[in-house]
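First residue of the sequence shown: 0, per numbering that gives the first Met the number 0; consecutive thereafter. All residues carry an ideal CB built from backbone N, CA and C; glycine is no exception.
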Amino acid sequence: MPNGINDFLRHKHPGPAHAAPRKRHPWRIALGALGTVLLVTVAAGGVYAFSLTRAFDSGTENISNAFPEEASRPQAGQAAPGTAGVAAANAPAAALDPSAVLGGVPAGQAQTILLLGSDTRGATGKDLAGIRGERSDTMMVVHVPADRKSLSVMSIMRDSWVEVPGHGQAKINAALSWGGVPLAVQTVENLLGIRIDHVAVVDFSGFEQATDTLGGVDIDNPIAFDSYHLKGHHFEAGSQHLNGEEAIAFARERYAFQDGDFQRVRNQQLIISGLLTAAMHRSVFADPVKLSGLLKTLTPFLAVDDGLDSAYLTSLGWELRDVREPQVTFFTMPTDGTGTSSDGQSIVHVDWVGLAAVQKGLQTDTMRDYQPELQARG
0 MPNGINDFLR HKHPGPAHAA PRKRHPWRIA LGALGTVLLV TVAAGGVYAF SLTRAFDSGT
60 ENISNAFPEE ASRPQAGQAA PGTAGVAAAN APAAALDPSA VLGGVPAGQA QTILLLGSDT
120 RGATGKDLAG IRGERSDTMM VVHVPADRKS LSVMSIMRDS WVEVPGHGQA KINAALSWGG
180 VPLAVQTVEN LLGIRIDHVA VVDFSGFEQA TDTLGGVDID NPIAFDSYHL KGHHFEAGSQ
240 HLNGEEAIAF ARERYAFQDG DFQRVRNQQL IISGLLTAAM HRSVFADPVK LSGLLKTLTP
300 FLAVDDGLDS AYLTSLGWEL RDVREPQVTF FTMPTDGTGT SSDGQSIVHV DWVGLAAVQK
360 GLQTDTMRDY QPELQARG
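Below you can see the structure in the form of structure tokens.
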């Protein structure tokens, strides 16, 4: 694999308090990996590229009503001064620019993408697009600046106590259960004061199959623990190779940790990191059968809005091709410890002072200046 793509898949983020700092980290967002996969194949051209992009577009579910009523939403983002045409100016040759061929991403505009992880254990099947009654276990906001020179990925703790429109104060993950994807989008938009450009729902049950398709996943476990979800299994500290069943049990664990969901989020990141490392390996990229098989494994567990298609992902991957590890930041939305709500629920308090800095960075497209801190149970 070219070094530029390898570098693009690395990022920095604050590590857990228990673990020694790592020197390198692959990029941990599956969306970015998929965009890069499509970028490489489209740049190569031919029937193979067409079949892969078609497989993604036909294999994923479409969320036809992904967004709330327009009157309740923040205004659409504007192009930042001096950024129009940045992607076109950076492209060395139109013939190799997927944006020129496929279109997809508005030139010179910041993009914000909401990823909702539903740990449904396969119960939803092909009903991800209209999902209700299931709480989102994972929420991530991906911010791509207008100049495409950096990337910010913010995880939101699922028990964060916020205002859910029409329901009052509640855990943020209840929004998906009560009002489906539109209410989840509206809750995050109101919380951050920004407009969500695209949204995807991922059923993480698909990660078990993807892990086995890739031959397992390698991780470096920072904390040894006995698994609650895989009875009788002990996860040793240090490097180990996990199959699909083990990987899902590892990612779901929270009862074994003093930090609870905070460590659970970190472990989910480790699993995604390992999967991306395996997926981006040369042996997968160079093998049409393996790559097609991986897409076929993942797409049934993915639902996206109308505009989040292969053209958009390919264009975005191309525009971000020069981003390197120092320009990618992964962090958790500022929190102010844990507590109990008036009705007895265990909740995570939002650090509203800290969040104000995040809001400003997102609203003014200056997230490159934001300095995140490690979030832990207080």
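(request) Quick one: give me the first and last residue of the beta strand (DSSP E) that Ala255 is part of. (result) Where Ala255 is concerned, there is no enclosing beta strand (DSSP E), given that its DSSP letter is neither H nor E.
(message) So, with DSSP's three-state summary, where would you put Lys381?
(response) Given a span of 0 to 377 for the chain in the structure shown, any question on residue 381 remains unanswerable.
(message) Can you give me the C-alpha to C-alpha distance between Ser226 and Ala250, rounded to a whole angstrom?
(response) 10 Å
(request) Pull up the distance between the alpha-carbon of His348 and that of Asp342, whole angstroms please. (result) 15 Å
(message) What does the alpha-carbon distance come out to for the pair Ala32 and Ala277?
(response) Its pLDDT being 44, under 50, Ala32 is placed unreliably in this model, and the value from its coordinates should be taken loosely. Between Ala32 and Ala277, the C-alpha separation is close to 11 Å.
(message) The alpha helix (DSSP H) that contains Glu207, what's its start and end?
(response) Gly205 to Thr212
(message) Strictly by DSSP, which residues pair up with Ala302?
(response) For Ala302, DSSP records a beta bridge to Glu60 and Val200.
(request) Determine contact between the region 234–247 and the region 319–335, defined as no fewer than three beta-carbon pairs at a distance below 8 Å. (result) no
(request) Report the rounded CA-to-CA distance for Ser345 versus Lys170, giving the unit in angstroms. (result) Near 9 Å, if we compare the C-alpha coordinates of Lys170 and Ser345.
(request) Have a look at the DSSP bridge pairing and note the partners of Ile140. (result) First, the amino acid is wrong: residue 140 is Val here, not Ile. Val140 is bridged by DSSP to Leu113 and Met153.
(request) Count the other CB atoms, across all protein chains shown, that sit within 10 Å of the CB of Thr339; report buried if there are 16 or more and exposed otherwise. (result) exposed
(message) Rounded to whole angstroms, what is the Cα-Cα separation between Asp56 and Leu113?
(response) 19 Å
(request) Please check the pair Met139 and Ser154, which I expect to be a contact at CB under 8 Å, by giving their CB distance rounded to whole angstroms. (result) Confirmed, about 5 Å.
(request) List the endpoints of the continuous alpha helix (DSSP H) containing Gln374. (result) Counting along the chain, Gln374 sits inside no alpha helix (DSSP H), nor does DSSP assign it H or E at all.
(request) Measure from the alpha carbon of Ile271 to the alpha carbon of each residue in Arg367, Thr137, Asp305 and Glu235, then state which is nearest. (result) Thr137
(request) With a 10 Å radius around its C-beta and 16 neighbouring C-beta atoms as the bar for buried, classify Glu235 as buried or exposed. (result) exposed
(request) Quick one: grab the DSSP three-state call for Ser226. (result) coil
(message) Using a Cβ distance threshold of 8 Å, determine whether the region 154–164 contacts the region 183–200, with at least three qualifying pairs required.
(response) yes
(request) Along the alpha helix (DSSP H) that carries Val352, what are the first and last residues, could you check? (result) Per DSSP, Val352 belongs to the alpha helix (DSSP H) from Trp351 to Gln362.
(message) Quick check on the burial criterion: 16 or more other C-beta atoms within 10 angstroms. Buried or exposed for Val198?
(response) Buried is the call here.
(message) Once DSSP output is grouped into helix, strand and coil, what is the label at Gln344?
(response) coil
(message) Going by DSSP in three states, Gln74 sits in which element: helix, strand or coil?
(response) Assigned with DSSP and collapsed to three states, Gln74 falls in coil, not helix or strand.
(request) Count the other C-beta atoms from every protein chain shown that fall within 10 angstroms of the C-beta of Tyr311, then say buried if there are 16 or more, exposed otherwise. (result) buried
(message) Nearest by alpha-carbon distance to Gln208: which of Arg194, Leu241 and Ile222 is it?
(response) Leu241
(message) By DSSP's criteria, Leu241 is part of a beta bridge. Which residues make up the other side?
(response) In the DSSP secondary-structure assignment, Leu241 is bridged to Val216.
(request) Mark Asn172 as exposed unless 16 or more other C-beta atoms lie within 10 angstroms of its C-beta, in which case mark it buried. (result) Asn172 is buried by the Cβ-count criterion.
(message) I need the straight-line Cα distance from Phe206 to Leu297, nearest angstrom please.
(response) 8 Å
(message) Judging by CA-CA distance, which residue of Pro144, Arg157 and Ala106 is the nearest neighbour of Gln362?
(response) Pro144
(message) By the DSSP assignment, the alpha helix (DSSP H) with Gly316 in it spans what residues?
(response) Ser309 to Glu318 is the extent of the alpha helix (DSSP H) around Gly316.
(message) Determine whether the beta carbon atoms of Ser135 and Ser149 lie at a separation below 8 Å.
(response) no
(message) If you measure between the beta carbons of Arg378 and Phe261, is that distance less than 8 Å?
(response) Not covered by the structure: residue 378. The range shown for the chain is 0 to 377.
(request) With DSSP collapsed to three states, give me the class of Thr365. (result) In the three-state DSSP reduction, Thr365 falls in the coil class, being neither helix nor strand.
(message) Once DSSP output is grouped into helix, strand and coil, what is the label at Val104?
(response) coil
(request) Kindly indicate which residue of Val180, Asn189 and His142 has the alpha-carbon position closest to the one of Gly167. (result) Measuring C-alpha to C-alpha distances from Gly167 to each of Val180, Asn189 and His142 identifies Asn189 as the nearest.
(request) For the beta strand (DSSP E) containing Val322, list its first residue and its last residue. (result) No beta strand (DSSP E) contains Val322, which DSSP labels as neither H nor E.
(request) Report the rounded CA-to-CA distance for Ile218 versus Asp196, giving the unit in angstroms. (result) 33 Å
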